[in-house]
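Novice: The sequence shown runs 222 to 534 under this note's numbering.
After the C-alpha cells below, expect a handful of questions from me.
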Amino acid sequence: MVQMSKELFEKIYTDVDCHYLLHPWGKGCITSLPVLFKDSLIGSVKFYSMVYLIQILMRGKKMRKKEQWLKMGNYYIRSILFGQFVAGTASIIGCIVRKLNGNKFKFNTFLFVPFTLNGLFIYLEPPSRRGLVINLFVNLGTATYFALGLAFTVARLILPRIRSPMTAIASLRTRHLKLAMFFGSYIGIYRAVICYLCRKRGCDSAIYALPAGCLAGLSFIFSPSLGIAIGAMTGAMKLYSTILYEKKLLPARLPLPELLYCICQGTLFSARVFYPEECPSYIFNLLAKVSNNRSEWIYSNYKLLLDKALEQS
Numbered sequence: 222m223v224q225m226s227k228e229l230f231e232k233i234y235t236d237v238d239c240h241y242l243l244h245p246w247g248k249g250c251i252t253s254l255p256v257l258f259k260d261s262l263i264g265s266v267k268f269y270s271m272v273y274l275i276q277i278l279m280r281g282k283k284m285r286k287k288e289q290w291l292k293m294g295n296y297y298i299r300s301i302l303f304g305q306f307v308a309g310t311a312s313i314i315g316c317i318v319r320k321l322n323g324n325k326f327k328f329n330t331f332l333f334v335p336f337t338l339n340g341l342f343i344y345l346e347p348p349s350r351r352g353l354v355i356n357l358f359v360n361l362g363t364a365t366y367f368a369l370g371l372a373f374t375v376a377r378l379i380l381p382r383i384r385s386p387m388t389a390i391a392s393l394r395t396r397h398l399k400l401a402m403f404f405g406s407y408i409g410i411y412r413a414v415i416c417y418l419c420r421k422r423g424c425d426s427a428i429y430a431l432p433a434g435c436l437a438g439l440s441f442i443f444s445p446s447l448g449i450a451i452g453a454m455t456g457a458m459k460l461y462s463t464i465l466y467e468k469k470l471l472p473a474r475l476p477l478p479e480l481l482y483c484i485c486q487g488t489l490f491s492a493r494v495f496y497p498e499e500c501p502s503y504i505f506n507l508l509a510k511v512s513n514n515r516s517e518w519i520y521s522n523y524k525l526l527l528d529k530a531l532e533q534s
C-alpha cells in the first residue's frame, strides 16, 4: 500500500463529506450516533466478556467471596462504558473538528485528535485498574511481536529443515534476525552504558537509565515498529515521570500516565488507517471488536477513495 503523507491526504480527502469517512452508515452526524453507540455497546460487551472471564478464571479461589463478584461486576460495567464511549464518540468528535477546520479534513486532526480526546474516557475505569489498562494497551504489542516473531521464524525456517541443520543455518538471512538483533542490541547497549557510568562515577544511580535508554534506542534501526516504539517510549516516560514525582518536580495532581495514554491511543488508532502495515495487529482486532466492525467500514471507504485516486494519477 502507498505510504500516506500530509500532501496526499489533503489532495484526496480534504473536501470529502464527513459521512463518507466518519459515519458511512448514516448521513447525519447526530442521527448516525445511536447506531454507532448500539454497536459499540454490543462490541464492548463481547470484548470485555472474554477479558473478564479470563480474569475470573485466573483469580480462582478469590472469587468465592460475594464482595469479589460485586467488585468484578462494577469493573466490568465501567470497562464496557469505557469501550462504548471511545468507539461511539470518535465520529462526532471528528465531525466537530472538521467543522472547526472550515468543513475540511486535515491530515493531523482527522483521527488523531478525536481518539486522543476520547482517550480521556479512561477515567471511567476505576483508579485501581487504570494503570493496568494503560500498561496493557501500550505494551501488549511488544510482547506479542517478540513471541509471535520468534515462533513464526522458528516454525517457518528451522522446523521444516530440522533434518539438515547446515541447510537451516544457510537459509537464514539478515531480515530473519532483525527482531533478535533489536532486543540483543538494546539490552547490550543499555547495560554497557549503565556499567560505564557506574565505573566512571564510582556509584550507581537511577538517573543513569535516562542516557542508557536513549542510546539503546539506536537499536530501533534493526526492527522499526510502531508497537515497539510506543512500548519503549511509554516505558521510558513512566520511569522518568516516577523519578520526577518522587523528587517533587512534577505536581502529584498532574495525570501524566493518563495523558500519555491519550496520546498513544490517538497515535495507534490513526495509524490503523494511515499506516496499516506498520500498525500492531492487536489494534486492528481491538478496534474491530469494540466497534462491532464499524471501524472496518470506515477503513474500506478510506481505502476505496485512495485506490481510485491512485488509478487516476
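All residues carry an ideal CB built from backbone N, CA and C; glycine is no exception.
#1: Using 8 Å as the threshold, is the region 510–530 in touch with the region 296–308, meaning 3 or more CB pairs across them?
#2: Less than 8 Å separating the Cβ of G323 from some heavy atom of the ligand PLP?
#3: Nearest-angstrom Cα distance between D425 and Y417?
#4: Near A530, which residues of its chain fall below 6 Å by C-beta distance, leaving aside the five closest residues on each side in sequence?
#5: Just to confirm, are L345 and L302 a CB contact at a threshold of 9 Å?
#6: Please determine if the region 225–232 and the region 327–345 are in contact, where contact requires at least 3 C-beta pairs separated by less than 8 Å.
#7: Output yes or no for whether 9 Å exceeds the beta carbon distance between T488 and F333.
#8: With DSSP run on the structure shown, which of helix, strand or coil describes C416?
#9: Counting Cβ pairs closer than 8 Å, one from the region 309–323 and one from the region 242–251, do we hit at least three?
#10: Distance, Cα to Cα, S312 vs G340?
#11: Establish whether the CB of W518 and some CB of chain B are separated by less than 9 Å.
#12: Going by beta-carbon coordinates alone, are N522 and P245 separated by less than 9 Å?
#13: When DSSP labels each residue in this structure, what does S512 get in the three-state scheme?
#14: Run through DSSP, which three-state label would A473 get?
#15: Could you check the C-alpha separation between Y429 and Y241 for me, to the nearest Å?
#16: Excluding five sequence neighbours on each side, which residues of the same chain lie with their C-beta closer than 8 Å to the C-beta of A492?
#17: Who are the near neighbours of I484 in its chain, counting only those whose CB is closer than 7 Å to its CB and skipping five residues on each side?
#18: Have a look at L527 and F490 and give me their C-alpha separation to the nearest angstrom.
#19: Using only the alpha-carbon positions, how far apart do G323 and P476 sit?
#20: Following the continuous alpha helix (DSSP H) through D425, name the residue where it begins and the one where it ends.
#21: My output table needs one value for D528: the three-state DSSP class, helix, strand or coil.
#22: Going by beta carbon distance, what residues of the same chain come within less than 7 Å of L436, once the five residues before and after it are set aside?
#23: Between G540 and F268, which are expected to be in contact by the criterion C-beta below 8 Å, what is the C-beta distance as a whole number of angstroms?
#24: In the structure shown, what three-state DSSP assignment does K325 receive?
#25: Within 10 Å of its beta-carbon, does Q486 have 16 or more other beta-carbons around it, so buried, or fewer, so exposed?
#26: Pull up the distance between the alpha-carbon of D260 and that of P497, whole angstroms please.
#27: Can you tell me whether L242 is helix, strand or coil according to DSSP?
#28: Output the boundary residues of the alpha helix (DSSP H) element that contains P432.
Specialist: Considering the structure as presented:
#1: yes
#2: Looking at this structure, you won't find the ligand PLP or any other ligand, since it has none at all.
#3: 10 Å
#4: I233
#5: yes
#6: yes
#7: yes
#8: helix
#9: yes
#10: 14 Å
#11: Absent from the structure: chain B. Only one protein chain is present.
#12: yes
#13: coil
#14: coil
#15: 50 Å
#16: L447, E499, C500, I504
#17: T337
#18: 18 Å
#19: 32 Å
#20: Per DSSP, D425 belongs to no alpha helix (DSSP H) and is neither H nor E.
#21: helix
#22: I410, V414
#23: Residue 540 is absent from the model: the chain starts at 222 and stops at 534.
#24: coil
#25: buried
#26: 23 Å
#27: helix
#28: 430–437
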